[in-house]
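Working notes, beginning with the structure itself.
Number of protein chains: 2
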Amino acid sequence: MTDTAIAPPQLTGEQREFLDQILDKWSLQVLDKLCERPRRFNELRRAIPVVTQKSLTATLRRLERNGMIERVVIGTRPVAVEYRISALGETLQDLIDALLGWASSNMDEVRQARGRFDDEAGEA
Amino acid sequence: MTDTAIAPPQLTGEQREFLDQILDKWSLQVLDKLCERPRRFNELRRAIPVVTQKSLTATLRRLERNGMIERVVIGTRPVAVEYRISALGETLQDLIDALLGWASSNMDEVRQARGRFDDEAGEA
DNA sequence: CCGTATCCCTAACGATACTG
DNA sequence: CAGTATCGTTAGGGATACGG
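Protein sequences, first through last, are from chains A and B.
For the record, in the first sequence the residue sitting at position 106 is 101 according to my numbering, with numbers rising by one throughout.
For the record, in the second sequence the residue sitting at position 109 is 104 according to my numbering, with numbers rising by one throughout.
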């Protein structure tokens, strides 16, 4: 106990589960797209490489349940649905951008690390 | 195209996969622990709530392969192994802290959102 | 257009036992 | 101590078909 002024972020199981639900494979991309502007379901589907209907629906429901996005039903015919980032979701925007930017910037080094790792495994 | 000075972070599949591998259930916690100081295998195991040997091993291998951590074998008897954050991993430290901090700060609002969502589903 | 329902398959995980 | 190996279960994901 020397100089830990701020409380150590000992994650509770609840928090771990929550982060797990908003940092998964598709969520980051959905949040990223919705940070730009609201989108319709099929619009999102097209914007995200190869997500299936099922996975996208599941991701949207999960994000909505966790308060990260809002689902707005527009009562036209046929029905239209718009998804948009929530106030809570917006507070994560900078972090997401930073994360995606970090991944882009360091992908090269990651590739090299993978090469080294796989080589060592191969010769052993 | 108004003021987007930085390139839009259109994630490649490769980058998405990479982020997926270092933001998963256990990785965040492992990285967090190793940012504090190097740790031994069983030390990590105890430090992280309920991870199993198998999952911890898999997580460590994945992080090592992606260049985020380093595995140092100390040739004592019985063998000791120390894991520590890599230079690349360190560049993510602030982001991880921010992420964990954000989760802590907003957990309350998340709980409320869940309550609302589950209520609506229940009465429907 | 926006989903839900179904089938199927595989990747992940926990539990347990065993090795250098 | 630090793993690997195996087994059985289960959650996630893709493909497809159908409904409001």
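Quick reminder that beta carbons are idealized off the backbone N, C-alpha and C, glycines included.
Item to check | A:ASP(-2) burial status per 10 Å Cβ neighbour count (16 or more: buried) | outcome: Mapped onto the first sequence, residue -2 of chain A falls at position 3. At A:ASP(-2), the pLDDT of 48 sits below 50, so the modelled position is not reliable and the matter cannot be decided from this model.
Checklist entry - I think A:LYS28 touches A:ALA42, with their Cβ atoms under 8 Å apart; what is that distance to the nearest whole Å? => result Within the first sequence, numbered from 1, the residue matching residue 28 of chain A stands at position 33. Within the first sequence, numbered from 1, the residue matching residue 42 of chain A stands at position 47. At roughly 5 Å, the Cβ-Cβ gap stays under 8 Å, so A:LYS28 and A:ALA42 are in contact.
Next on the checklist: Residues of chain B with CB closer than 8 Å to the CB of A:ASP15, please, in chain order.
Outcome noted: What you label residue 15 of chain A is simply residue 20 of the first sequence in a count that begins at 1. Going along chain B in sequence order, the residues near A:ASP15 (Cβ under 8 Å) are ASP19, LYS20.
Next on the checklist: For A:ILE91, which residues in the same chain have their Cβ closer than 8 Å to its Cβ, ignoring the five residues on either side in sequence?
Outcome noted: Locating residue 91 of chain A in the first sequence gives position 96, counting from the first residue. The answer, listed in chain order, is LEU23, LEU26, ASP27, CYS30.
Next on the checklist: Can you confirm whether A:VAL105, when its beta carbon is compared against all beta carbons of chain B, has any partner nearer than 7 Å?
Outcome noted: Numbered from its first residue, the first sequence carries residue 105 of chain A at position 110. With 7 Å as the cut-off, A:VAL105 counts as an interface residue toward chain B.
Item to check | Contained alpha helix (DSSP H) runs [length at least 4] in the stretch 4 to 54 of chain A, N- to C-terminal order | outcome: 8 to 17, 22 to 31, 36 to 42
Next on the checklist: Counting only Cβ pairs nearer than 8 Å, list the residues of chain B close to A:THR168.
Outcome noted: There is simply no residue 168 of chain A to check, as chain A begins at -4 and stops at 119 in what is shown.
Next on the checklist: Can you tell me whether B:ALA134 is buried or exposed? The criterion is at least 16 other CB atoms within 10 Å of its CB, across all chains shown.
Outcome noted: What is shown of chain B runs -4 to 119, which leaves residue 134 of chain B out entirely.
Checklist entry - What three-state label does DSSP hand B:ARG106 in the structure shown? => result For the purposes of this step, residue 106 of chain B is taken as the residue at position 111 of the second sequence. Three-state DSSP puts B:ARG106 in a helix.
Item to check | Alpha carbon of B:LEU94 to alpha carbon of A:ASN101, nearest angstrom | outcome: Start at 1 with the first residue of the second sequence, and residue 94 of chain B comes out as number 99. Start at 1 with the first residue of the first sequence, and residue 101 of chain A comes out as number 106. Looking at the two C-alpha atoms, the distance is approximately 19 Å.
Checklist entry - Taking all protein chains shown into account, do 16 or more other C-beta atoms lie within 10 angstroms of the C-beta of B:ASN37, making it buried, or fewer, making it exposed? => result For the purposes of this step, residue 37 of chain B is taken as the residue at position 42 of the second sequence. Classification of B:ASN37: exposed, given that the 10 Å Cβ count is below 16.
Next on the checklist: Quick check on this structure: which residue in B:ALA116, B:LEU58, B:PRO44 has the alpha carbon closest to the alpha carbon of B:GLU85?
Outcome noted: Counting from 1 along the second sequence, the entry for residue 85 of chain B is found at position 90. Closest option to B:GLU85, Cα to Cα, is B:LEU58.
Item to check | Members of the stretch 54 to 67 of chain B near chain A, C-beta cut-off 7 Å | outcome: GLU59, ARG60, ASN61, GLY62
Checklist entry - What is the residue span of the beta strand (DSSP E) that A:VAL76 lies within? => result Locating residue 76 of chain A in the first sequence gives position 81, where the first residue counts as 1. It spans 75 to 80 - the beta strand (DSSP E) in which A:VAL76 sits, taken as one unbroken run.
Checklist entry - In this structure, what does DSSP give as the bridge partners for B:ILE64? => result Here residue 64 of chain B corresponds to residue number 69 of the second sequence, with the count starting at 1. For B:ILE64, which the question treats as bridged, DSSP gives the partners B:ILE80.
Item to check | A:ARG72 versus A:ASP114: straight-line alpha-carbon distance, rounded | outcome: Here residue 72 of chain A corresponds to residue number 77 of the first sequence, with the count starting at 1. Here residue 114 of chain A corresponds to residue number 119 of the first sequence, with the count starting at 1. Spanning the two alpha carbons is a distance of roughly 58 Å.
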